[in-house]
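Top line first, the protein sequences correspond to chains A, B, C and D. Numbered per our numbering, the first sequence finishes at 636, counting up by one with no gaps. Numbered per our numbering, the second sequence finishes at 1198, counting up by one with no gaps. Numbered per our numbering, the third sequence finishes at 2270, counting up by one with no gaps. Numbered per our numbering, the fourth sequence finishes at 3123, counting up by one with no gaps.
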Amino acid sequence: MAAITQPGRGTLGEALAGVRKAADSHYGILSWIATVDHKRIGIMYGVTAFVFFLFGGIEALFIRLQLAVPNGGVVDADQYNRIFTMHGTTMVFLVVMPLSAAFFNLMVPLLIGARDVAFPRMNAFSFWVFLAGGLFLNASFFTGDILNGELGAPDAGWFGYAPLTLKQFSPGHGLDFWAFGLLILGVSSMAAGFNFIVTILNMRAPGMTLFRMPLFVWMTLVTSFLIIFAMPVITVALFELLFDRLFDANFFNPAAGGNPLLWQHMFWLFGHPEVYILILPAMGIVSEILPTFSRKPLFGYPFVVFSGVAIGFMSWGVWAHHMYTTGLGSVANSAFGISTILIGVPTGVKIFNWMATLWGGSISLRTPLYFSVGFVGMFTIGGLSGVTHSIVPSDYQQQDTYYVVAHFHYVLFGGAILALFGGIYYWFPKFTGKLLSDGWGQVHFWLMLLGFNLTFFPMHILGLLGMPRRIYTYSEGNGWDLWNLMATVGAFTIAFSVLVFMVNVIVSLRRGKLSGNDPWDGRTLEWAISSPPPAYNFAEIPRVHARDEFWHQKYTEDEQGLPVPVAAAAPAPEDGEHEGGHGIHMPSPSFFPLLAAIGFPLIGLGVIYDYAIAAVGAVVLVVGLYGWALEPATEE
Amino acid sequence: MEHATAVTGNLETSTGIDNKKLLMWLFLGSECLFFGSLIAAYLLYRDRSITGPYPSDLFDIPFTSVSAFVLLMSSVSMVLALAAIQRGNIRSMQVWLFTTAILGVLFVSGQAYEFTVFHREGLSLSQNLFGTTFFVLTGFHGAHVTVGILILLSLFAMSLRGKLTQEKSLNVELAGLYWHFVDIVWIVIFALIYLIQP
Amino acid sequence: MKRFLGPRSIRAHHVVTALVLLGLLALLLTGCATNTSQNTFDARGEVAKEQRDLFYMAMWPAIVVMVFVLAGLVVTLLRFRRRSPDELPKQVHGNNRLEIAWTIAPVIILMILAVPTVSAIFDLGRKPRSDALAVHVTGIQWAWQFEYSDITDSGGQPLSSLGDLHIPVGREIGLTITSKDVNHSFWVPKLAGKLDAIPGNTNVMWLKADEPGSFSGQCAEFCGLGHAGMKLTVIAQSQEDFDAWIKEKGGSPSGGQGASPTPTGGPGGR
Amino acid sequence: MRSTGDMTLAELRKKTGGPVAADVSAAAEHGPKHPGAWEYIQIGVVLAVITMGEVAIYYTDIAHSLLVTIIVVLGVLKFSLVVLWFMHLKFDNRLFSTMFLMGLIAAMAVFAVVVATLGGGLV
């Protein structure tokens, strides 16, 4: 390993040489803090996002406890508003997005046959900024008198509609933290978005043409484009909100002629691509799992790719379907209704292709497959309720009711979260060398599926029975009691299934079955290398000759199209042991991304409380960036 | 050595184009949405202010024309700096880089002067919608110019220490792309905000 | 069935899944039938009925597709589950005809849905008729204020009411909706879908009650601490009862009968 | 297995007649030849003249709609000159143009809709 990592020359001075040395080693906390290895960053993303998932989940349980029965008394209106705001914000920005980012990090370089991402230090920067933003956002809880039950968190919903977000209506600091937190998280997402586009376009192994790329890589590419084009819009909107709140500007102030609808347009201009930012990676994961567990290539690969790209483009033309009831006018409502109807088509194409992939396969009923099939089923339900939203006049009834809550949880939980869990079960062995227990995995799956449907299916009915969203209490006599109780029972079932998962992870890490390189008879390049992979991934950069390259190394086809195993001719081609990785220069670890990341929350705190802190933050940021720019990326 | 290039990735990329340059163009594409949002807010609110002062009361077209001209000419000097380093003429590049930075400083100073005049005339961020949208839009543009100046001066300092050689002309090219982008944003602002008034 | 699914019997959990889904579907249907206060299926006005019928038009095909996909998944899993570890299926890469079919078919179905949708958007989005009863609705944290633009009270101001909106049965009501503070949304599920109340904007809608009764509604756009309590009741009564109520409140018609509601600006009707 | 889609970007570009970069890995670093200093100065002069034209037209007494048209056309011209020559999009790899145009077109399209919807009201 000596050749891979070099002892530091002390760009921070001799005093730091020891720290550098620790960072350069492969063990210990410093080696993680300074790491630029995409696999380690991916693991950090995943673990952090999972912790936030628990936060968001606990918030959800509070919501469900409060609504379990009419006139609930678990929390009051103020606490409820802050909790549901944080639940939504957390689940979108701190859970599903970073969990997807975890998979981008872990998988993209392996799937395209690269040693790392295009900008390894920027990748570390993305992670640290994400962590900083997540902590900053959650720190808002403490701006209230929390010991007396007064939470300081933002209280205007994850969508933060103006003018409720203006100082006049929400005086505390919660929303300042919210807006700044999202700005910080935006920096993280943008950096990751740029990085993965360049990585995917530029770092592919020889022969890995665009149309040989695994579907997950394609979906990462589309998602990254959506991120870099959607994030600037919300960035500006958040800046405008902060100017209004902190410096009395008038962007959303009706008294000065400002139009609160501008916020809604900007929020959803970002928000609707964002929905696809959340779901496309999940679609990518499922498109990897289904072929592997059916031992068949993905059915209609180019169509699945194009439908993903089409969804990416179309997601820019549907934002106002969140605003049908704001008085846009019949022409705009019709136009956005039709575009919303049409976006169902590429989504349907994907679903049919996944089904056709399974059809005629040899389906191995293991946990990753269960989660993926669960995804297809639940996402279909969410997609169909989405189609009912495009029937605009009917949506005048469903808008802002629990029907919508049901819809997007079918898409984001039944869709994204199930697929992400599937991805964890699928790729866990690649990064740990251990299999997660299949039995417990299936217990997890069935409990989660049951709990999920128990929680969210009744919400369709609640919405149609006229229960609006975001109310902290309701009285008897509306016919809502039974459905709410069911949903609460379901929510606790989900919570229990997550506990099962956590136990499974802990036990399997200690005593799990060894997986070997290729536990699932995989099709893509990551299964060709050892589990866990060496720091440099591939001792020799693979040459790619076909889609599903690794499968083709293992099998040829006879005249009828039936696969024939290649007689032991393909020895695990890349375990790297024979070479030991000598002569491979990997990027050096660096503390500067972390340093730069620390600048952001300081600037945020400073703008809210005291400019002196902001000045310190700015200095930290600039020092971090300069150190980063001047430090050589790879030492010779 | 082939391995090393695969990681740092400047020589052999799948598309044959440089990672950093691709990154810069993606960034600029994304910045279009950033400035698009700000400009849209300005256009939407341009004639909705309830109280004055209004754009026609304040805009000093001759003055702004000069500063627009200054920024435009800084683009010329920027591209001359790039042409110089690509020819290997470091001396000339230094001159043009420094000129560009000075023109940038001139532009930002002009903007600061304009802001103070407007402020004296009663326009503030909170005065009306015009103040809100104008200061935020041009302020963010000014911040971009300022960052550009810092980049140019950093490059200039690097070149004085002999660290900016012909092989590293890409650094100048990237700084140039950013600088030109900031310039074209001003071309748009100058036309839509200053010259076309309701 | 057996041949279709393959040699082995159906496993218990598949049956459980199927039962759970069927049970949920049954519950959904019973849910629609209940006669509760804000049930959107129990429409009592022209607008709400049209919206409900459009929902049914989308819901039934959606349920058919859902059952098809879910059943298809279960059948596929059962039929093609791996029976021996070295089983290797034929490598099918795709089928262009199928792709075209399942691209075109949804387009056609969805376009069929789009036609009545667009026509309903324009129908419900039209301006209220000139003979409609004009009511100006203002959302306030956290109450609804109604002003009858064409009826003055004893003080010469438009007759106003807080929380309760009295309307005559069978007559079109033209609502102009705005807000005094933050966004709200006016919603009486049995009479009409919602329309937002946004400060600085005035939105216009119409509704009609087909029968007398009191219909509850509540604010549907999150508006802060009192959001859950921001309720209203529409009391639809016969013309005589309505006139009597006006008299009791000391109101009298002002100006010409049936002056049309004049939107004061903003983007207008939905 | 290899369908028409199975091409590298470079292959695609070769087919579509754009500049080819992949197989000239050393030259690719600097891309195709950029114009020289003299050409830049000429463009700079043109830009300066257009700017003067813009300001001159601002002070003439023409109809507002005509003024708007002329200013927009001249603005687009300046914008294009800088982007195509100074930023080399005319000479560089088409991928760069694609990236930039995606952002530019997206921004113009969506904000046109936003301003139209909020400003005028469509019906």
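Think of the CB as a built atom: it goes at the ideal place given N, C-alpha and C, for glycine as much as any other residue. Remember, it's a predicted structure, so these values are computed and weren't measured experimentally.
Rounded distance between the beta-carbons of residue j and residue i, thought under 8 Å
{"i": "L2195 (chain C)", "j": "G327 (chain A)", "result": "7 Å"}
{"i": "F1034 (chain B)", "j": "T524 (chain A)", "result": "That belief does not hold up - the Cβ atoms of F1034 (chain B) and T524 (chain A) are roughly 36 Å apart, past 8 Å."}
{"i": "S294 (chain A)", "j": "G361 (chain A)", "result": "3 Å"}
Same chain only: Cβ atoms within 7 Å of residue i, ignoring 5 sequence neighbours per side
{"i": "K2240 (chain C)", "result": "One point to set straight first is that residue 2240 (chain C) is Glu, not Lys, in the sequence displayed. Result list for E2240 (chain C): empty, nothing under 7 Å."}
{"i": "F538 (chain A)", "result": "G113, R115, I529 and E574"}
{"i": "L464 (chain A)", "result": "Y403"}
{"i": "D438 (chain A)", "result": "R366 and T367"}
{"i": "L605 (chain A)", "result": "I613"}
9 Å Cβ cutoff met for residue i and residue j
{"i": "L106 (chain A)", "j": "F130 (chain A)", "result": "no"}
{"i": "I2235 (chain C)", "j": "I2167 (chain C)", "result": "yes"}
{"i": "N71 (chain A)", "j": "T473 (chain A)", "result": "yes"}
{"i": "F303 (chain A)", "j": "G2217 (chain C)", "result": "no"}
{"i": "V2188 (chain C)", "j": "S2238 (chain C)", "result": "no"}
{"i": "P346 (chain A)", "j": "M378 (chain A)", "result": "no"}
{"i": "P206 (chain A)", "j": "V498 (chain A)", "result": "no"}
{"i": "S287 (chain A)", "j": "L298 (chain A)", "result": "yes"}
Residue i versus residue j - alpha carbon distance
{"i": "M203 (chain A)", "j": "F2055 (chain C)", "result": "49 Å"}
{"i": "P1053 (chain B)", "j": "E3039 (chain D)", "result": "44 Å"}
{"i": "N81 (chain A)", "j": "P154 (chain A)", "result": "8 Å"}
{"i": "W2142 (chain C)", "j": "F431 (chain A)", "result": "54 Å"}
{"i": "G441 (chain A)", "j": "F501 (chain A)", "result": "7 Å"}
{"i": "A3112 (chain D)", "j": "N2201 (chain C)", "result": "20 Å"}
{"i": "P3035 (chain D)", "j": "G1176 (chain B)", "result": "15 Å"}
{"i": "R2082 (chain C)", "j": "L358 (chain A)", "result": "11 Å"}
{"i": "G308 (chain A)", "j": "F2186 (chain C)", "result": "38 Å"}
{"i": "F243 (chain A)", "j": "G2250 (chain C)", "result": "48 Å"}
{"i": "E1031 (chain B)", "j": "N1171 (chain B)", "result": "20 Å"}
{"i": "K1163 (chain B)", "j": "A124 (chain A)", "result": "27 Å"}
{"i": "P532 (chain A)", "j": "K2190 (chain C)", "result": "60 Å"}
{"i": "G46 (chain A)", "j": "G133 (chain A)", "result": "15 Å"}
CB contact below 9 Å: residue i versus chain C
{"i": "S287 (chain A)", "result": "no"}
{"i": "D248 (chain A)", "result": "no"}
{"i": "P368 (chain A)", "result": "no"}
Chain D within 9 Å of residue i, Cβ atoms only
{"i": "S1056 (chain B)", "result": "no"}
{"i": "N195 (chain A)", "result": "no"}
{"i": "A332 (chain A)", "result": "yes"}
{"i": "S1075 (chain B)", "result": "yes"}
{"i": "G186 (chain A)", "result": "no"}
Same chain, Cβ closer than 6 Å to residue i, five either side skipped, listed in chain order
{"i": "L1137 (chain B)", "result": "L1038 and Y1042"}
{"i": "L137 (chain A)", "result": "G181"}
{"i": "D1183 (chain B)", "result": "L1071 and S1075"}
{"i": "I3043 (chain D)", "result": "L3081 and W3085"}
{"i": "G512 (chain A)", "result": "K434 and L435"}
{"i": "H552 (chain A)", "result": "A546"}
{"i": "I43 (chain A)", "result": "none"}
Residue-level contact to chain B via CB, residue i, 9 Å cutoff
{"i": "Y609 (chain A)", "result": "no"}
{"i": "K3090 (chain D)", "result": "no"}
{"i": "H3030 (chain D)", "result": "Per-residue confidence for H3030 (chain D) stands at a pLDDT of 48, beneath the threshold of 50, marking its modelled position as unreliable; no derived number is given."}
{"i": "L3066 (chain D)", "result": "no"}
Any C-beta of chain A under 9 Å from that of residue i
{"i": "M3102 (chain D)", "result": "yes"}
{"i": "G2094 (chain C)", "result": "yes"}
{"i": "D2210 (chain C)", "result": "no"}
{"i": "F1115 (chain B)", "result": "no"}
Cβ neighbours of residue i in the same chain (closer than 8 Å, five flanking residues each side left out)
{"i": "F492 (chain A)", "result": "L61, R64 and G451"}
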